[in-house]
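Scroll down for the structure; my scribbles are underneath it.
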Amino acid sequence: MQELGDLVGLSTSACHRRVKLLEERGLISGYHAHLDPDILGFGMLFYVEVSLTNQSEATLVEFEEAVRSAPEILEASLVAGASDYLLRLVCEDAEHFERLHRTRLSRLPHVAKIQSNLAIRVVKPLTGLPV
Numbered sequence: 001m002q003e004l005g006d007l008v009g010l011s012t013s014a015c016h017r018r019v020k021l022l023e024e025r026g027l028i029s030g031y032h033a034h035l036d037p038d039i040l041g042f043g044m045l046f047y048v049e050v051s052l053t054n055q056s057e058a059t060l061v062e063f064e065e066a067v068r069s070a071p072e073i074l075e076a077s078l079v080a081g082a083s084d085y086l087l088r089l090v091c092e093d094a095e096h097f098e099r100l101h102r103t104r105l106s107r108l109p110h111v112a113k114i115q116s117n118l119a120i121r122v123v124k125p126l127t128g129l130p131v
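Using full-length UniProt numbering, you'd call the opening residue of the sequence shown number 1 and step up by one each time.
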């Protein structure tokens, strides 16, 4: 708390009170460690666009439940546009991605089309909201 207080010009106790207030109001919903995927052996990042056979409520629910059970899928968003979902996932290498594509992605329920994009380099990593 002292380091944060120094950064924003508050005493440690004042900074602690402000942080507690932000937590109580729900503006701070948790704390997370940022793990280095390269050190952990996940050197490849993919963005995968998925189109479904239809967009009925039952189809969306079943697809989303299946996506939540895949640990390599870091993030999944229902999107507007040419595809239905955008997935962000990590893999160890190309062989790992091929296995994941064959054994998990292509077997997700109601999938009509998969388009995969390899991130060559992350230019601006997610660090927080613009506040």
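All C-beta atoms, glycine included, are put in the ideal place defined by N, C-alpha and C.
In the three-state reduction of the DSSP assignment, Gln2 falls in the helix class. Of the residues Ala14, Val122, Glu92 and Thr12, the one whose Cα lies closest to the Cα of Leu40 is Glu92. When the beta-carbon positions are compared, Leu105 and Val90 stay at least 9 Å from each other. The closest CA to that of Thr12, considering only Gln2, Glu98 and Val19, is found on Gln2.
Looking at Ala66, Arg88, Arg18 and Gly81, the one whose alpha-carbon comes closest to that of Phe42 is Arg88. DSSP, read as helix, strand or coil, puts Leu118 in strand. In the three-state reduction of the DSSP assignment, Ala76 falls in the strand class. If you ignore the 5 residues before and after Leu52, its C-beta comes within less than 7 Å of the C-beta of Thr59, Phe63, Asp84, His110, Val111 and Ala112, all in its own chain and listed in chain order. Every alpha helix (DSSP H) of 4 residues or more that sits fully in the stretch 19-102 is shown, in chain order, as 57-68.
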